[in-house]
């Protein structure tokens with residue numbers, strides 16, 4: 156599995172493009188003396204990631220009732236809440252829809268709270284389930300545990316006290332683990 160082949164697979168997939176953007180955003184956060192142009196790049200990549208997620212709401216709604224397991228139902232409901240609040244906040248911030256700035260800020264907070272709920276549910280599921288691939292299972296758990304402080308930080312007004320560098324380290328670890336998992340999945344689909 157060559158790096159170029161993996162990169163090519165990633166660039167052909169919206170989730171792959173999102174993971175590449177997440178890695179770039181978090182690498183940029185590691186530099187405490189980052190320039191104005193780096194901050195603008197991070198902002199642009201974060202906006203790009205929001206745009207990539209907008210169509211995901213349709214898939215969540217279409218598949219909402221296909222699986223009757225309570226955990227899947229709850230996960231889908233949480234993610235619909237996340238996608239709706241993030242999408243409305245993003246579109247409001249871009250003045251595509253008309254909402255007040257205080258409402259936009261509340262929507263961003265609620266999108267982070269839905270992300271927090273999803274992360275907690277995922278951690279719960281990972282702690283409960285047994286798997287054949289223990290290494291992948293542990294990496295999944297570690298990735299979600301790394302995301303947990305980020306979710307908490309962005310779920311409270313004015314943040315929970317994480318510094319930009321800490322956000323970068325936690326986000327980068329999580330993004331790398333998620334990227335590795337996605338690459339393996341994309342290669343397995345091609346096989």
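In our numbering, the protein residues as written are 156 to 346.
Each residue gets a CB set at the ideal place from its N, CA and C atoms; glycine is no exception.
Taking all protein chains shown into account, do 16 or more other C-beta atoms lie within 10 angstroms of the C-beta of residue 320, making it buried, or fewer, making it exposed?
exposed
Have a look at residue 195 and residue 293 and give me their C-alpha separation to the nearest angstrom.
35 Å
C-alpha gap between residue 257 and residue 313, whole angstroms:
13 Å
Please name the residue in 268, 333, 212, 308 whose C-alpha comes closest to that of residue 297.
333
Closest to residue 198 by CA distance: which of 268, 265, 245 is it?
245
Just verifying my parser: in three-state terms, what is the DSSP assignment at residue 304?
helix
How many Å lie between residue 339 and residue 255 at the Cα?
43 Å
Per DSSP, what kind of secondary structure is residue 210 in: helix, strand or coil?
coil
Segment limits, alpha helix (DSSP H) that includes residue 347:
Examination of residue 347 is not possible in this model, given that the chain is present from 156 through 346 alone.
Range covered by the alpha helix (DSSP H) that runs through residue 164
158-166
Report yes or no: do the segment 257-269 and the segment 284-291 share at least 3 C-beta pairs separated by less than 8 Å?
no
If you check the beta carbons only, do residue 326 and residue 204 fall under 8 Å apart?
no
Are the CB atoms of residue 305 and residue 322 within a distance shorter than 8 Å?
yes
Which residues in the same chain as residue 337 place their Cβ atom closer than 8 Å to its Cβ, once the five residues preceding and following it in sequence are excluded?
165, 168, 170, 171, 174
Which of helix, strand or coil DSSP assigns to residue 311
coil
In angstroms with no decimal places, state the Cα-to-Cα distance between residue 219 and residue 210.
15 Å
Apply the 10 Å Cβ neighbour rule to residue 241 and answer buried if 16 or more other Cβ atoms are within range, or exposed otherwise.
buried
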